[in-house]
Each structure stands twice: as C-alpha cells, then as structure tokens.
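Structure record follows, encoded as structure tokens.
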Amino acid sequence: MIHNSNHLKVEKKIQKEMNNLVVFLILSLSISYAVSSTLLEKSFMQCMLTRVNNETLFINSSSLLFPKVLESLEQNPRWLNSSNKPLFIVTPSHESEIQATILCSKDIGLQVRVVSGGHDYEGLSYICKTPFILINLINIRSIDINLADESAWVQAGATLGELYYKISKASQVHGFSAGTCTSLGIGGHISGGGFGTLSRKHGLAADSVIDAYLIDVNGETHDRKSMGEELFWAIRGGSATSFGIILAWKIKLVKVPSLVTAFNIELTSEQEVTKLIHRWQYIADKLDEDLFIRVIAQNNGPNSKTTKAIFNSLFLGGKERLITIMNESFAELGLQEKDCIEMSWIQSTLYFAGHKESDPLELLLNRITSYKSSFKSKSDYVKKPIPETGLEGIMRMLQKQDSLALLIMEPYGGKMSEISESEIPFPHRKGNLYNIQYMVKWDKNGIEESNRNIEWMRELYRYMSPYVSKSPRGAYFNYKDLDLGSNKNNGKTSYSEASVWGMKYFKGNFRRLAQIKTKFDPHNFFNNEQSIPLT
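Each residue of the sequence shown is one higher than the one before, starting from 1 at the first, in full-length UniProt numbering.
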C-alpha cells in the first residue's frame, strides 16, 4: 500500500515536470517566433524603404488599422480566426511597388499572397502557414475602354462590377462574359476561368483575354510578347498566381443586344421540383446559345426542413422570342409573359447580383459584400442526366441540413462545347451538361459549427459520386476545395503528389502547366496549398 502511494507520488511529480516542460517549450517557441518575426519585419521594412521610400505603403501586424483592413479583404469569415496572419499588408499604387515587394520578400525568405477581391474560397489569397506579405491590389484598378477595337485594359484590382459599369458608360451594345458576383476581383477571376451568364454565347472570361501584364519572380514586367505564348497560355485559367502577379488583363469585349430578358421562377412542390430539374438536364446545354437557364436548388434557410428550386435565366433578346423558344424546348416550366422582365444588359448584371434591375448602376461599384457568412463549397461536372431518384436524394439531404444549403447548376453547351479543352488550361468543355457548385453557409463562426457544416458538405459530395464525372472527378478551380488535396508547406510537393488535386481541376493540361511553372519559376517562389508544382 505504502509502495503504491510512493509510486503515485513519483508519477504525479513526473507528470508535473512534463507539463512544465511542455509549457516551457511552447513559450520558447512563441518567443522564438516573435523574435524571428520582428527581425523579418525590420529586414523587410529596410529593404522596401531602400527601393521605394514610402512608409505609407504598408502597415504591419501591430498597427491598430491592421485587423480592420485584413477583415475587409476576407470575403469568407471562416478564415477570420486563422492565426496565419501576414507580417505586413502592402497596398501598392504602382507596379514598381509590387516589384519591390516581390524582390524584398524573395531576398528575405518571405512568401507573398495577393488579393484582388478576396473571394478565394479557401482563403489562399490571404493566409499562409509561413511568414508572408499580403499584397492588396485595391489601388491597382484602372479600366481603359477602347471601342475602336472593342477591347479594354483592366487592372487586376478592379472588380467585375467596376468593369461592367465602365463598359456601360462607354457603350450600350457591349459587355463582357464573366461572373455574376460583382465584387469579384478581375485578377483572380480570370486566373481560374470565369464562368457567367454569357458563357454559353461567348465562352469564359479567360477565353476573351488577348494580352496581359505579369510581374515575374525577378520583378520584371512582361506583356504577351515578352512572356511568350507558353506562359500566356498558362495564366489564362491555369492559376496565374503560380507564375507571377497579374498587373492587368487586356480583354476582348463582346456585343450584346440593346434589350435582354430575365426571369426567375420559384417552385416549392418537391415532386414538381425533381421532375422539372430532371427535364432541364436534357435540354439546358442544347438550348439556343442566346438562352442561359440555371437552377438553384436549396433549403429555405436555417431549420426550415423545406426546399425549393429557382429557375434563373438570361436571354439575349426580347420576351416574345424567348417565350417562343421556351414553348418549343421547355414548355414544362410554363413560362408566361408576366414572368419575363425586359432590361438592358447592364441592368441584368445588377439583377443577377441580387439587386433590382431598376436600382442605381452605382451599386455595381460596391467592392464590399453587404452580408458575409462563413461558407464551404465544392464543385462537380455532370455528363449524364441524374435520375429522378438521385435528385430526390439531393432534396432530402437539403431538407435535413439546418444551415442554408444550396446547389447552383449552371448549363454548358454552346460556345463552351466549341472550344478545345486544351485551348487554355480550363479543360471542362464538350461533353459536360452542366457544372454544380455546392455551398453551405452559417453565421456562428465557431469550430463546432464549422465542423458540423463541413462534414454535411462532405457527406453530400460522397452521395453525388455516382452521378458526376469520373477519372478524374472534375472540379472548377475558381471554386477551390482543399478537400481534394493540398501541397506541402515547404513548397516541395512533387508533381505526382499534386496530381491528386491538379488533375481534377485541369485534367490533361496539368502536366503542361507544371512544365511551364518549372521553366518560369524554377525555385517555386510563387506557391500555396494549391499552386502549380514543379515537374
């Protein structure tokens, strides 16, 4: 008994000493990191001031402004509590300041991250697990429209809304084929492809790029001619941030009619919803390329236990022709004249962004999302119609989710099927009926709430496996998903390791991207959890 008592005392003493050692190690590491960070901050500031001599260019993590500025850049609050904060936020107004940031970061051994709109789904544009500098491109956003050759130079920090607005002020019969979220930064959006309501008619945003300015790892600025056709191919939809920092895109504008028509038909009957979505799958990619009809299937919000489907459409023309086409191709939806709203193309960008078509166009200039909620997304491509039983299972899964959950199904076909899958790195072309974006949103930004919603999303993704593309199971790079796989923190992920996620985004184009990466950034300076690897 006495022996056992002494034994317990010894065990407790050892445990206490172990706990003290752990605390000591944690404190030592924290102090070491703090000292290291301070030294890095001083080195970075000294380097920058010798190159640009402008202290107002950057704020460090100890500044009172730092948390507010960082929060304004992060469009997904799920990442607000991340401990991986930048040492500095650099807000350049000139390319020379971006060049200096690249060179100083490289010399000191820091990573860089670049924010144009802050919409990276996994936060990869503003978080990093090693010390890094965040470049905020908000002041690099000029837009120069040239109607003589129907083109525009758009700097990377401009948003889609700013671009659409500027086009509308120059012409009522021109537009641009890109996304519906008007606060998206143009730099990142085109880097991953850029799908929207005009894509069945005109292709992706990246399909319309005819030139670009890119700053490389050596701080040199290149246009299409000086970078060469290999690199120019890679940056259009192939993760431009893996190769350098995009300063500006030159895009080809597209012609739009003076009058377009939109409709929004909402259905709540579960039986009617599955039957109409089932029918939509057979015709959506084959419709006249002037007609875009997407479906949003969702629950009715937190704890609703009910679902609905919204058939959301843009037609490049008047309502009379639209109704004729619908009666011939999709009469089951029962479209009537009262459902149709005629408007200009620029008004349609407001409409699809969630505003009224009659609202002031200046709303397009708002860079900040009015309501931010944490979210997790995934994506899929569908090549064969999902049977009604499969659709019924989707609706049941939406019903049992307590948070707001939805599937956005956007049709391909038209121009999307005419462009070769190797024309640019974005490979999802002919043979795809539609793309699915899965999304779940929640308000309480805690670990338990996040884990619960993310696990539901993964369960839905597993459920969808029999119904979507295979070998590889395709995904859209602009809907980034780290569940697919990620690179190592040291930037030394092999090509075969990265292929786990890379083939899903880029299919056969992934190897070519890696070869170009190896040539233009041989030491892998521009890297993140899903950047193109070296071969």
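Virtual Cβ for every residue (Gly too), placed ideally from N, Cα, C.
- Straight through space, the alpha carbons of Glu337 and Glu320 are spaced by roughly 8 Å.
- Cβ-Cβ separation between Arg141 and Gly414: approximately 31 Å, too far for a contact (criterion under 8 Å).
- Assignment of beta-bridge partners to Ala405 by DSSP yields Val440.
- Counted as a single uninterrupted DSSP element, the beta strand (DSSP E) harbouring Phe58 occupies residues Phe58 to Asn60.
- Setting aside the 5 residues that flank it on each side, Ser329 is surrounded in the same chain by Ile283 and Leu287, each with a C-beta closer than 7 Å to its C-beta; the list follows chain order.
- Under the DSSP definition of a beta bridge, Asn312 partners with Asn264 and Arg294.
- Just so you know, the alpha carbons of Thr535 and Pro522 end up roughly 10 Å apart.
- DSSP places Asn136 outside any alpha helix (DSSP H); the residue lies instead in the beta strand (DSSP E), whose first and last residues are Phe132 to Asn136.
- Taken in chain order, the unbroken stretches of beta strand (DSSP E) that lie wholly in the stretch 312 to 399 and span 3 residues or more are 340 to 343 and 374 to 382.
- Under DSSP, Tyr434 takes part in a beta bridge, and its partners are Val382 and Pro411.
- Around Thr101, the same chain offers Met48, Val90, Pro92, Val112, Ile133 and Ile135 as residues with beta carbons nearer than 8 Å, after the five sequence neighbours per side are excluded.
- Counting only unbroken stretches of 3 or more residues, the beta strand (DSSP E) elements lying wholly within the stretch 137 to 195 are 143 to 146 and 151 to 155, in sequence order.
- Sorting Asp481, Leu484 and Glu362 by C-alpha distance to the C-alpha of Lys169 places Glu362 at the top.
- A contact between stretches requires three or more CB pairs, one per stretch, nearer than 8 Å, and the stretch 439 to 447 fails this requirement with the stretch 205 to 224.
- Inter-residue distance for Ile394 and Leu460 is about 8 Å (C-alpha atoms, whole angstroms).
- If you ignore the 5 residues before and after Phe58, its C-beta comes within less than 6 Å of the C-beta of Phe88 and Val90, all in its own chain and listed in chain order.
- Rounded to whole angstroms, the Cβ separation of Thr180 and Phe352 is 4 Å, and the two are in contact under 8 Å.
- By the Cβ rule, the stretch 395 to 405 counts as touching the stretch 285 to 299, because three or more pairs are nearer than 8 Å.
- Look at Asp211 here: in three-state DSSP terms it is strand.
- In this structure, Gly318 is the residue among Gly318, Arg473, Lys166 and Asp481 with its C-alpha nearest to the C-alpha of Ser344.
- Rounded to the nearest angstrom, the Cβ distance from Phe195 to Ala212 is 19 Å, too far for a contact under 8 Å.
- Inter-residue distance for Phe243 and Arg279 is about 43 Å (C-alpha atoms, whole angstroms).
- If you look at Trp79, you'll find it isn't in any alpha helix (DSSP H); DSSP assigns it neither H nor E.
- The beta carbons of Ile186 and Gly175 sit no closer together than 8 Å.
- As the crow flies, the alpha-carbon of Ser239 is around 31 Å from that of Phe315.
- Across the set Asp481, Leu350 and Met326, the C-alpha of Met326 shows the shortest separation from the C-alpha of Asp339.
- For Val468, there is no enclosing beta strand (DSSP E), as DSSP marks it with neither H nor E.
- Take the alpha-carbon of Thr261 and the one of Leu137: they are about 35 Å apart.
- Per DSSP, Phe526 is not a residue of any beta strand (DSSP E), being assigned neither H nor E.
- By the Cβ criterion, the stretch 156 to 166 is not in contact with the stretch 262 to 278, since fewer than three pairs of Cβ atoms, one from each stretch, lie closer than 8 Å.
- One alpha carbon belongs to Val500, the other to Leu484, and they sit about 7 Å apart.
- The three-state secondary structure of Ala475, taken from DSSP, is coil.
- Bridge partners of Phe88 according to DSSP: Asn60 and Ile133.
- About 18 Å separates the beta carbons of Arg473 and Lys430, which is beyond the 8 Å limit, so they are not a contact pair.
- Shown here, Thr518 sits in a helix according to DSSP, grouped into three states.
- In this structure, Asn478 and His202 do not form a Cβ contact; the two beta carbons are roughly 17 Å apart against a cut-off of 8 Å.
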